[in-house]
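Notes follow the structure.
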Ligand SMILES: [Zn+2]
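If you want it as structure tokens, here you go:
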């Protein structure tokens with residue numbers, strides 16, 4: 016049975032003793048140390064995939080109880096096939112049947128390695144490719160013929176453009192779904208660009224659990240790359256959204272971030 020890291024939920028057949036993704040400074044090992052699990056063990060514990068509609072043709076998938084970092088995976092339905100964006104750390108026959116009901120999966124892509132989940136397991140069930148950013152391929156803990164690496168911006172499916180802005184990981188990716196958000200465009204931002212509780216704001220980090228920032232130069236670069244895309248709404252990978260004017264929110268938030276790390280407001284501290 017396939018081995019999964021019990022902390023990040025990423026499938027792993029490397030035989031390594033400690034999950035390299037969790038041992039990295041952007042993640043963490045739990046206090047008791049590395050723990051592995053399997054799909055069978057998760058299923059025996061009552062795990063299932065809960066699917067909720069976020070807007071027409073966009074569904075969130077959550078492993079309940081949590082089997083990964085707690086990400087909100089997304090299924091984007093398009094006439095040219097569906098994208099599974101971010102991947103839950105669990106899958107079972109019921110989840111596959113429910114997704115098949117919604118049109119299946121034509122492509123699998125994660126914004127960065129923390130979101131790989133059991134991506135090959137999902138891809139094989141639908142005979143779909145797994146698109147992996149070339150710059151992050153070293154983080155794959157399981158590979159197979161389904162894996163296709165990519166470097167340049169490209170249309171992962173008709174109407175969905177994937178773009179590597181880097182930041183959190185060198186290959187950190189966002190995906191722009193042009194038909195979403197009532198036709199004004201949706202940015203699936205992963206945590207390349209992370210929504211925050213304050214309405215109309217986002218942020219950028221090297222590590223969220225460990226609060227490691229990025230530099231002003233990198234945040235400016237991310238904001239410039241994102242500004243090349245057309246969208247009105249943003250969904251991050253933990254269920255937060257900027258429902259409108261998200262493109263302006265990214266620009267405004269990058270300016271605020273840069274001002275703080277540059278020291279413009281040090282008198283306030
Ligand atoms: Zn892990």
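Residue numbers (the working numbering): 16 to 284. Even for Gly, the Cβ is constructed at its ideal location relative to N, Cα and C.
Residue i lies in the alpha helix (DSSP H); which residues open and close that run?
i	result
residue 148	No alpha helix (DSSP H) contains residue 148, which is instead part of the beta strand (DSSP E) from 145-148.
residue 108	108-116
residue 17	Unbroken run through residue 17: none, as it is neither H nor E.
residue 136	134-141
Relative to ligand 1, is the shortest distance from any of its heavy atoms to the C-beta of residue i smaller than 8 Å?
i	result
residue 102	no
residue 191	no
residue 217	no
residue 23	yes
residue 20	yes
residue 42	yes
In three-state terms, what does DSSP make of residue i?
i	result
residue 101	coil
residue 177	strand
residue 12	The structure shown does not extend to residue 12, since the chain is modelled only from 16 to 284, so the question has no answer here.
residue 184	coil
residue 272	helix
residue 244	coil
residue 216	coil
residue 25	coil
residue 153	helix
residue 261	helix
For residue i, count neighbouring C-beta atoms within 10 Å of its own C-beta (all shown protein chains included) and say buried if the count is 16 or more, exposed if not.
i	result
residue 214	exposed
residue 16	Bear in mind that the predicted position of residue 16 carries a pLDDT of just 48, short of 50, making it too unreliable to give a figure here.
residue 280	exposed
residue 102	buried
residue 207	buried
residue 278	exposed
residue 243	exposed
residue 285	The shown model of the chain, from 16 to 284, leaves out residue 285, and the question about it has no answer.
residue 163	exposed
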